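Remember, the numbering used here sits 116 above the position in the sequence shown when you count from 1. Idealized CB from N, CA, C, for every residue including glycine. Every value quoted in this text rests on a predicted model; they were computed, and no experiment measured them. Written below as C-alpha cells is the structure these notes are about.
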Amino acid sequence: MWIFKVGVLGAGAMGGGIAQVVTYSGLPVVVKDIDQGQLDLARTHVEGIYQKRVDSGKMTAGQMQEKLDLIEYTLDYDGLADVDIVIEAVPEVMKIKQHVFAELDQVCMPDTIFASNTSALSITEMGQATTRPHKIIGMHFFNPAHVMKLVEIIPGEETDQDTTDTVEQFTQELRKIPVIVKECPGFLVNRLLMPYLNEAVLALEQGAATAPEIDEALGRDGFGWPMGPFFLMDMLGVDVCAHVGQYLYQHYGQRLAEVKLFNELVEKKRLGEKSGVGFYVYTATDAEPLEEIIQRLQQSGAVETGTRFSVERLILPFLNEAAMCVQEGIANVNDVDMACIAGIGMQVNKDGQLVRMGPLEYMDETGLDVIVERLEALEKEFGPRFHPVDILYQKVRAGQLGKKTGAGFMEWTA
Ligand SMILES: NC(=O)c1ccc[n+]([C@@H]2O[C@H](COP(=O)([O-])OP(=O)(O)OC[C@H]3O[C@@H](n4cnc5c(N)ncnc54)[C@H](O)[C@@H]3O)[C@@H](O)[C@H]2O)c1
C-alpha cells in the first residue's frame, strides 16, 4: 500500500513536529485538534522549523511556502476522509486514544492505517476500540520529531504484515530510521532508558550525589552521553518521565525501584524546561532549591539515605535491560544498538573520543563476564533490581564473552 495523504491527530508538542516531517517529504497532511489555540501553536512551531532552514540558506522562502501549503489545520474530521494513514498524538491516556480511534473508524476509508505515537501504551488494546485491529500500529517518534531520526514501529497482536511493511516504507520516505519492536510495556527505547533515569533520581533523593555531579559523570566528559540524566529529564518533561516510570514499575516490578522524588516534583509542577523549573531552574528563579526538597524527604524518613553513587549504578540497569530485550526477542541485536544511537544519541567516551555505540556492542567490548561480575556486585549492594538477566549467564557459560573471545551478542572478527 502507498501513502499519498496523511492525517495527524493532536497538535501538541509531538503532533506539530510530525506534521512538519510529513510535509518535508512532500506529502499533504491534515492536522486535527479540539483546541484552536493548539492548532495555532502548531502552525507557529512548523513555520519556525522551516524559517530556520530559510535563514540558514537550506531552502528558499518560496520552497518554504510550498511546504506550508501542504498543511491543513482543522477542528473537524472532514479532511480526514481520504487520508491513507492517521498518526495519533493525543494525550497519553488509553481512553482518549481509544475514543479518537473509534471516531476515526467512522470517518476514514476502511483500509486507512491508524498509527499511534504512544510512548508506552498497548497498541493491541487501542485496536480493540475499532473494527480494524489489523490496521493499527505503533509509530513512535522521538522528541523533537523533526530532529530525531528514530521511529519505533510496533505491530499489535492483530496487526497484519501489509500494515507493518507499509509503515516501515513510509518511515523511510520520511527520511527516518525504522526499527521494528515487539509490543511490550515501554517498547524498546523507553524500556531501556527508564531504569537508568529512575536510578539517577533514586541516587539523588538518597543523597548519593547532586544532580550536577551525576550529570557531569554521565555526560560528554564522563561516560559520554550527549547530556546527563537530569538535563535529559528536564527536556523530556519530569511528568512524562514520572508517568512512564510508574507505568513500567507496574509491569516490571522489582527491576525498577520506587522513587518518591518524582512525585514531589510533579506535585510542585516542577516539570522541567516547559514549566521553568524541574531538577534545574530555568525561568522560575523564585523556585525552592532542589536540595531543600530532598532534605525534607530524607528527614521525613520516607527515603533511604547514605547510599553510594557510581556511573555503573546507572548504566548497568540500562545494559541489563538491553540484554533482556534481546532475550525476549523485542528487537534484534543490531536494532537494539541502532535504536539507542539514533533514538537517544548513545555514545561512549573512549579516552576523550566520543564513539557512537549501542549497549550490546558496549557490553561485548567490556566483556560479558565483567558485566555479570559488576551486576552481581551491585545486586549485593542495592538488591535484586541489578540481578543479571539469564542471557548474560548463558553467554558467559558458553564462553561467549564478547570481543575478546570473538563472539558475544555479535560476531567479532580479528
Ligand atoms: N512529548 C514527548 O516527548 C513525546 C515523545 C514521544 C511520544 N510522545 C507521545 O505523543 C503523544 C502526544 O504527546 P504530546 O507531548 O504531544 O502531548 P500534548 O499534550 O503536547 O498534545 C496533545 C494534543 O492533543 C490534543 N487533543 C486532546 N484530545 C484530543 C482529541 N480528542 N482529538 C484531537 N486532539 C486532541 C490536545 O489539545 C493537544 O494539542 C502521547 O501519546 C505521548 O506519550 C510524547
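Query: Taking 7 angstroms as the line, does the beta carbon of I212 fall inside it for any heavy atom of ligand 1?; Result: yes
Query: Pick from T275, Y189, H256: whose alpha carbon is nearest that of P249?; Result: T275
Query: Please report the residue range of the beta strand (DSSP E) in which A231 lies.; Result: 229-232
Query: Runs of 3 residues minimum, wholly inside the segment 118-161: which ones carry the beta strand (DSSP E) assignment?; Result: 122-125, 145-148
Query: Between the alpha carbons of V146 and V427, how many angstroms are there, rounded?; Result: 45 angstroms
Query: What is the rounded straight-line gap between the Cα of C224 and the Cα of D198?; Result: 7 angstroms
Query: Quick one: residues in its chain with C-beta nearer than 7 angstroms to the C-beta of E289, no 5 flanking neighbours on either side, listed in chain order?; Result: S141
Query: Within its chain, find whatever has a CB closer than 7 angstroms to the CB of G128; leave out the 5 residues flanking it on each side and keep chain order.; Result: Q154, A205
Query: Is the beta carbon of P311 less than 8 angstroms from the beta carbon of E437?; Result: yes
Query: For A292, list the residues DSSP reports as bridge partners.; Result: As written in the sequence, residue 292 is Lys, which differs from the Ala given in the question. Paired residue(s): none; K292 is not in a bridge.
Query: Answer yes or no: do Y365 and E374 have a C-beta to C-beta separation smaller than 8 angstroms?; Result: yes
Query: According to DSSP, simplified to helix, strand and coil, what is I239?; Result: helix
Query: Does V283 come out as helix, strand or coil in the three-state DSSP assignment?; Result: helix
Query: For ligand 1, is there a heavy atom less than 7 angstroms away from the beta-carbon of V486?; Result: no
Query: Report yes or no: do three or more beta-carbon pairs, one from the segment 446-457 and one from the segment 339-358, lie closer than 8 angstroms?; Result: no
Query: What residues match up with R472 in a beta bridge as DSSP calls it?; Result: Q463
Query: Evaluate L405 with the Cβ neighbour count: other Cβ atoms within 10 Å of its Cβ, from every protein chain shown; 16 or more gives buried, anything less gives exposed.; Result: For clarity, residue 405 is Pro in the given sequence; the question names Leu instead. Counting Cβ neighbours within 10 Å, P405 comes out exposed, since fewer than 16 surround it.
Query: Whole angstroms are fine: how far does the CA of G123 sit from the CA of G195?; Result: 8 angstroms
Query: For D350, is the beta carbon positioned less than 7 angstroms from some heavy atom of ligand 1?; Result: no
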